[in-house]
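Report on the following structure.
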Amino acid sequence: MQRAGFLSHGRDHWWRLAGDGSNERQVAEDILTLLQDVIVPKLTTEIADQTLGPRGSFEAVRRA
2 MQRAGFLSHG
12 RDHWWRLAGD
22 GSNERQVAED
32 ILTLLQDVIV
42 PKLTTEIADQ
52 TLGPRGSFEA
62 VRRA
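As numbered in my numbering, residues 2 to 65 make up the sequence shown, in order.
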(Lines of atoms letter the chains of each structure in order from A and count residues from 1; the text may use other names and numbers.)
(Lines give C-alpha, C1' and ligand atoms only; values in the text may rest on other atoms or scores of the structure.)
Protein backbone atom coordinates (compact mmCIF):
# COMPACT_ATOMS: atom_id res chain seq x y z
CA MET A 1 0.00 0.00 0.00
CA GLN A 2 1.17 3.53 -0.72
CA ARG A 3 0.37 6.94 0.68
CA ALA A 4 -1.73 9.27 -1.46
CA GLY A 5 1.12 11.71 -2.05
CA PHE A 6 3.16 9.03 -3.77
CA LEU A 7 0.29 8.27 -6.12
CA SER A 8 -0.26 11.89 -7.07
CA HIS A 9 3.16 13.52 -6.76
CA GLY A 10 5.62 10.59 -6.81
CA ARG A 11 6.67 11.42 -3.25
CA ASP A 12 5.13 12.27 0.09
CA HIS A 13 2.92 15.34 -0.16
CA TRP A 14 1.32 17.49 2.51
CA TRP A 15 -1.40 20.07 2.06
CA ARG A 16 -1.07 23.17 4.24
CA LEU A 17 -4.07 24.93 5.68
CA ALA A 18 -3.76 28.69 6.13
CA GLY A 19 -3.99 29.82 9.75
CA ASP A 20 -7.06 31.90 8.92
CA GLY A 21 -8.75 29.03 7.05
CA SER A 22 -8.76 30.99 3.79
CA ASN A 23 -7.66 28.00 1.69
CA GLU A 24 -9.82 25.26 3.25
CA ARG A 25 -12.09 25.03 0.22
CA GLN A 26 -9.14 24.74 -2.21
CA VAL A 27 -7.42 22.05 -0.10
CA ALA A 28 -10.68 20.11 0.17
CA GLU A 29 -11.24 20.34 -3.59
CA ASP A 30 -7.67 19.18 -4.30
CA ILE A 31 -8.07 16.18 -2.02
CA LEU A 32 -11.48 15.23 -3.42
CA THR A 33 -10.11 15.48 -6.97
CA LEU A 34 -7.16 13.28 -6.00
CA LEU A 35 -9.52 10.70 -4.50
CA GLN A 36 -11.83 10.69 -7.54
CA ASP A 37 -9.22 10.86 -10.30
CA VAL A 38 -6.29 8.88 -8.88
CA ILE A 39 -6.81 6.95 -5.67
CA VAL A 40 -10.21 5.31 -6.23
CA PRO A 41 -9.38 4.25 -9.83
CA LYS A 42 -6.05 2.79 -8.65
CA LEU A 43 -7.72 0.90 -5.82
CA THR A 44 -10.43 -0.36 -8.19
CA THR A 45 -7.75 -1.69 -10.55
CA GLU A 46 -5.87 -3.36 -7.71
CA ILE A 47 -9.04 -4.97 -6.31
CA ALA A 48 -9.97 -6.33 -9.74
CA ASP A 49 -6.54 -7.96 -10.17
CA GLN A 50 -7.03 -11.64 -9.40
CA THR A 51 -3.34 -12.53 -9.66
CA LEU A 52 -2.22 -14.81 -6.84
CA GLY A 53 0.31 -13.53 -4.34
CA PRO A 54 1.36 -10.02 -3.42
CA ARG A 55 0.45 -7.37 -5.93
CA GLY A 56 -0.18 -3.67 -6.19
CA SER A 57 3.08 -1.81 -5.95
CA PHE A 58 1.19 1.50 -6.19
CA GLU A 59 3.94 3.01 -8.29
CA ALA A 60 3.66 6.72 -8.95
CA VAL A 61 0.53 7.48 -10.96
CA ARG A 62 0.29 10.82 -12.70
CA ARG A 63 -3.00 12.58 -13.20
CA ALA A 64 -4.09 12.93 -16.80
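The beta carbon of each residue, even a glycine, is placed where N, CA and C say it ideally should be.
Are the CB atoms of residue j and residue i within a distance shorter than 8 Å?
i: residue 28; j: residue 16; result: yes
i: residue 36; j: residue 25; result: no
Could you round the C-beta distance between residue i and residue j to whole angstroms and report it? I think they count as a contact, below 8 Å.
i: residue 48; j: residue 5; result: The pair is not a contact, with the Cβ atoms about 17 Å apart (cut-off 8 Å).
Residue i: buried (16+ other C-beta within 10 angstroms of its C-beta) or exposed?
i: residue 8; result: buried
i: residue 22; result: exposed
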